[in-house]
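Enquirer: Per the working numbering, the very first residue in the sequence shown carries number 2; after that it's consecutive. Just passing along the structure, written as structure tokens.
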Amino acid sequence: EIMNLVDMIAEGATIVDVRSADEFSWGNAPGTINIPLHEVPHRVEEFKAMEGPLVLICQSGNRSGQACAFLGAQGIECHNGGSWYDVNYALAQKAS
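Rendered as structure tokens:
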């Protein structure tokens with residue numbers, strides 16, 4: 002069974018936002034790391050070192066899906082968290 006986003010966040014997931022630095026600066030979910038999609042292939046070792054579960058997010062879930070597919074092919078387990086808005090909401094649920 003696939004863990005839901007709230008469960009993964011509760012377990013201390015590392016959340017990586019793969020939007021551009023500009024998009025990230027305009028708004029992001031607290032505690033997330035920004036690694037733009039085009040940098041993902043160059044930062045595989047960094048992803049390997051992250052504490053799991055690993056959740057990738059972006060604007061719509063499209064770029065995070067691409068990043069998950071790439072990282073999965075490198076043997077890195079990760080989950081597509083979809084939109085950063087959903088993660089922001091899940092973080093707010095955890096906080097309350």
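Don't be surprised by glycine CBs; every beta carbon is placed ideally from N, CA and C.
Would you report the Cα separation of PRO54 and ALA70, rounded to the nearest angstrom?
Expert: Along the sequence shown, one-based indexing puts residue 54 at 53. Along the sequence shown, one-based indexing puts residue 70 at 69. If I take the Cα positions, the gap works out to 16 Å.
Enquirer: So what does DSSP say about SER1, is it helix, strand or coil?
Expert: Because residue 1 is not part of the residues shown, which for the chain are 2 to 97, the question remains open.
Enquirer: Taking DSSP's pairing of strands, which residues face ASN35 in a bridge?
Expert: The residue labelled residue 35 in the question sits at position 34 within the sequence shown. Answer is ASP18.
Enquirer: So for ILE58, helix, strand or coil by DSSP?
Expert: Walking along the sequence shown from the start, residue 58 turns up at place 57. Strand at ILE58.
Enquirer: Who are the Cβ neighbours of GLU2 in its own chain at under 7 Å, not counting the five residues just before and after it?
Expert: Here residue 2 refers to the residue found at position 1 when the sequence shown is read from its first residue. Confidence at GLU2 is low in this model, with a pLDDT of 43, below 50, so its placement is unreliable and no value can be given for it.
Enquirer: Do you know offhand how far ALA30's Cα is from LEU6's?
Expert: In the sequence shown, residue 30 corresponds to position 29, counting from 1. In the sequence shown, residue 6 corresponds to position 5, counting from 1. Taking the straight line from one Cα to the other gives about 13 Å.
Enquirer: Please name the residue, chosen from ALA74, GLY28 and ASP18, that lies closest to HIS39 on a Cα-to-Cα basis.
Expert: Position 38 of the sequence shown holds residue 39. Answer by Cα proximity: ASP18.
Enquirer: When the Cα atoms are used, what is the spatial distance from LEU92 to GLY82?
Expert: The residue labelled residue 92 in the question sits at position 91 within the sequence shown. The residue labelled residue 82 in the question sits at position 81 within the sequence shown. Each residue's Cα considered, the two are about 12 Å apart.
Enquirer: For ILE34, does the count of other Cβ atoms within 10 angstroms reach 16, so buried, or fall short, so exposed?
Expert: Numbered from its first residue, the sequence shown carries residue 34 at position 33. By the neighbour-count rule (16 or more Cβ atoms within 10 Å), ILE34 is not buried but exposed.
Enquirer: Classify ALA68 as helix, strand or coil using the three-state DSSP reduction.
Expert: Taking the first residue of the sequence shown as 1, we reach residue 68 at position 67. Look at ALA68 here: in three-state DSSP terms it is helix.
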